[in-house]
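A short write-up of the structure that comes next.
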Amino acid sequence: MALIVQKYGGTSVGSAERIKNVARRIAKTRAEGHDVVVVVSAMSGETNRLVALAHEMQTMPDPREMDVVLSTGEQVTIGLLAMALKEIGVDAKSYTGWQVALKTSSAHTKARIEHIDDAAMRADLTAGRVVIVAGFQGVDSNGNITTLGRGGSDTSAVALAAALKADECQIYTDVDGVYTTDPRVVPEARRLDTISFEEMLELASLGSKVLQIRSVEFAGKYQVRLRVLSSLQEGGEGTLITFEEDQNMERAVVSGIAFDKNQARVNVRGVPDKPGIAYQILGSVADANIEVDMIIQNVGAEGTTDFSFTVPRGDYRQTLNLLQEVQKNIGAAEVDGDDTVCKVSIVGLGMRSHAGVAATMFRTLAEENINIQMISTSEIKVSVLIDEKYLELATRVLHKAFGLEKTSA
Ligand code: ADP
Ligand code: ASP
Ligand code: MG
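In case it helps, this note's numbering puts the sequence shown at residues 75 to 483.
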């Protein structure tokens with residue numbers, strides 16, 4: 075008998091019929107003799123609907139109240155799923171984040187999990203009940219409801235699996251595993267039986283939304299056995315995230331491609347070229363809690379420099395406003411930007427031992443006349459910033475150039 079944490083995402087609980095289907099899956103796992111803790115998301119579209127409603131009330135919704143509203147989506151699904159289980163004779167009990175209690179920091183809309191009280195859940199499991207926990211939400215030390223950032227139910231599930239020392243954390247979604255890239259964009263994408271933890275972490279951080287980045291971080295920190303599977307089809311092993319490197323394995327140079335539309339580029343032009351400038355520009359952005367990603371600095375005309383960097387698209391306007399202030403102080407010539415850009419990244423452990431991977435990437439994009447605006451690299455990835463209208467094309471041609479299609483498997 076094992077303890078299994080199963081997480082079902084928005085599409086998997088998107089209708090009454092689908093919730094009943096999830097209940098049947100859970101009943102099957104119970105019948106096999108396992109203890110089950112289930113984490114569910116809000117029904118698909120619900121969180122977006124709540125975000126839109128909040129914006130109708132307030133231009134910049136109050137973060138505490140935003141979390142009060144956002145957490146309702148998951149509360150509906152836990153109750154409905156508990157009812158569906160009872161209807162088929164499986165005892166179950168639902169828990170909101172605060173009922174668990176799943177304690178988080180106070181950073182509303184992007185809180186971090188700090189501690190999970192497992193006593194109540196364990197008592198239910200011992201009593202033979204299925205425990206159903208609302209994903210994406212927690213409670214801070216002052217009793218305020220918090221949420222963990224979009225896609226946060228993955229993180230709730232892995233954190234619960236870590237706290238309960240579960241044998242496996244299964245993430246059920248609308249695809250049957252982790253693919254070489256998003257199969258919605260490249261139909262030739264191939265499902266991977268396994269992916270290394272490092273590659274999965276990189277793909278998630280570069281925009282592949284199949285797993286929220288923090289869920290992968292948790293899995294690494296607590297060595298949680300993590301698997302991605304389909305809730306919509308029967309059977310299948312899905313994709314297992316692996317921690318040990320198999321030295322004998324012939325590694326693909328590139329294992330996957332991620333893309334991220336949540337990008338905007340900001341330029342500060344004609345900046346006097348002297349020490350402290352980067353700090354003055356980026357310091358003001360960091361003070362506003364805006365995350366800077368790619369950065370380049372070029373020599374400009376006559377002792378000046380041009381400075382460009384990327385920020386999340388939602389922070390674009392605020393960044394431009396901030397820089398208008400900074401521009402006056404540092405005597406820069408111009409501040410402008412572009413929020414119709416995207417980042418496309420190739421990821422692979424094999425890059426460590428292969429030269430020329432970046433060159434292949436640049437040549438492939440050049441052959442399609444796709445202009446590269448920025449580049450950033452690490453040991454196991456190369457990212458480029460390009461016009462967002464080329465996102466699909468770039469992903470497709472790179473997928474082919476690195477031999478990732480089904481036929482070449
Ligand atoms: P859920 O609601 O179950 O959390 P998400 O929509 O958050 O589901 O994540 C699943 C989606 O992630 C898939 O439908 C797919 O479009 C997308 N995706 C992006 N990159 C990948 C990838 N490399 N492998 C599989 N799916 C991916
Ligand atoms: N319902 C939340 C969202 O849509 C959390 C999740 O689904 O993981 O972002
Ligand atoms: Mg998700």
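All residues carry an ideal CB built from backbone N, CA and C; glycine is no exception. All values reported here derive from a predicted model rather than from experimental measurement.
Quick check: residue i and residue j, are their CB atoms within less than 8 Å of each other?
i	j	result
L159	A166	yes
E462	V415	yes
S179	E148	no
F317	Q297	yes
V431	V327	yes
V302	I245	yes
L396	S358	yes
I219	S279	no
S118	T151	no
L478	V418	no
V207	L155	no
L275	E262	no
V373	I355	no
K128	P137	It is Ala, not Lys, that sits at residue 128 in the sequence shown. No. Outside cutoff.
D248	T183	no
H473	T255	yes
V164	I93	no
S305	V96	yes
G209	D250	no
C243	L199	no
Q211	G153	no
I370	S329	no
L77	L238	yes
Based on the DSSP output, what are the partners of residue i in its beta bridges?
i	result
N443	In DSSP, N443 forms no bridge with anything.
S419	A332 and S457
I78	V110 and E242
I404	DSSP, once it has assigned bridges, lists no residue as partnering I404.
A338	V385
D413	BP columns for D413 are empty, so no partner.
A208	V114
R265	Y253
S270	T316
V260	Paired residue(s): none; V260 is not in a bridge.
D380	N372
T247	S304
R343	E408
V213	K177 and I219
Quick check on the DSSP output: the alpha helix (DSSP H) that includes residue i runs from which residue to which?
i	result
G361	According to the sequence as given, residue 361 is Asp; it is not Gly. I351 to D361 is the span of the alpha helix (DSSP H), which, as asked, contains D361.
S450	Not the alpha helix (DSSP H): S450 falls in the beta strand (DSSP E), residues M448 to S452.
V38	Outside the shown range of the chain, which is 75 to 483, sits residue 38, and nothing can be said about it.
E466	L465 to A475
A484	Only positions 75 to 483 of the chain appear in this structure, which leaves residue 484 out of reach.
S227	S227 to A237
M195	A193 to T200
R98	A90 to A105
Tell me the residue span of the beta strand (DSSP E) that contains residue i.
i	result
V176	Here residue 176 turns out to be Leu, not Val, going by the sequence shown. From DSSP, the beta strand (DSSP E) with L176 extends over L176 to T178.
V373	I369 to V373
H189	I187 to I190
I219	I219 to T221
Is any beta-carbon of chain C found at less than 8 Å from that of residue i?
i	result
Q132	Here there is only one protein chain, and chain C is not present.
*Near the ligand ADP, which residues have their beta-carbon closer than 5 Å to a heavy atom?*
G83, G84, T247, D248, V249, V252, Y253, D256, R258, S282, K283 and V284
What ranges does the alpha helix (DSSP H) occupy inside the region 275–324, keeping only unbroken runs of at least 4 residues that lie completely in it? 287–296
Could you tell me which uninterrupted beta strand (DSSP E) segments, each at least 3 residues in length, are contained entirely in the region 143–183, listed from first to last along the chain?
166–169 and 176–178
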